[in-house]
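Q: One structure coming up, written as structure tokens, with questions to follow.
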Amino acid sequence: MQITVLKSKIHRVTITDCNVNYNGSCAIDSIFLDKAGIHEYEQIHVYNIINGNRFITYALCASKGSGIISLNGAAARLGEVGDLVIICSYGEIHESQINEHKPKSVYFKKNDSEEWPFPARFKDRSSVNLLVNP
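96 is the number that the numbering used here gives to position 69 of the sequence shown; each next residue is one higher, with no gaps.
Encoded structure:
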């Protein structure tokens with residue numbers, strides 16, 4: 028039997044722009060997409076930590092290193108600049124693979140004095156405020 032599992036997660040990232048006049052999607056810094064293993068045009072789920080809104084859209088690549096997280100089109104009405112969100116993608120695997128499956132997660136922190144969540148789990152600290160688990 029196939030089951031749906033978390034494939035990738037960008038955790039607690041800040042919305043930098045909302046553009047209701049754009050056709051749709053969520054534009055995300057291409058570095059964040061690459062680190063999380065999310066592809067352009069891949070379906071994503073966005074969970075707004077501040078207001079509780081949850082919605083499905085697709086990922087667009089924003090400029091590398093820009094830090095952009097932009098809600099576009101109708102999704103722009105579900106968040107505000109400064110809101111924290113979690114961005115997830117899901118995939119299908121055979122249930123026999125569940126014990127080997129490990130989703131890829133990218134975590135953010137506000138500043139250098141903030142502690143990383145679960146620091147022992149992570150290997151890649153290649154960006155000052157970005158932490159990726161394997």
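All C-beta atoms in this analysis are idealised placements derived from N, C-alpha and C, irrespective of residue type, glycine included.
(1) By the 10 Å Cβ neighbour count, where 16 or more other Cβ atoms means buried, how is T41 classified, buried or exposed?
(2) I need the DSSP call for G34, collapsed to helix, strand or coil.
(3) With a threshold of 6 Å on Cβ separation, who are the neighbours of K91 within its own chain once the five nearest residues in sequence on each side are excluded?
(4) Go through its chain and collect everything with a Cβ distance to Y68's Cβ below 8 Å, but skip five positions before and after it.
(5) Determine whether the beta carbon atoms of I77 and I71 lie at a separation below 8 Å.
(6) Going by the CB atoms, is the gap between K36 and C115 shorter than 8 Å?
(7) Is the CB-CB distance between V32 and I96 below 8 Å?
(8) For G100, which residues from the same chain have a beta carbon less than 6 Å from its beta carbon, with the 5 sequence-adjacent residues on both sides left out?
(9) In whole angstroms, what is the alpha-carbon distance linking V133 and I113?
(10) Taking only the alpha-carbon atoms, compute the straight-line gap between A89 and I55 and give it to the nearest angstrom.
A: From the atom records:
(1) exposed
(2) The residue asked about is misnamed: residue 34 is Lys in this sequence, not Gly. K34 falls in the strand class under three-state DSSP.
(3) S57, I58
(4) Y85, A86, L87
(5) no
(6) yes
(7) no
(8) Y49, N50, G51
(9) 10 Å
(10) 5 Å
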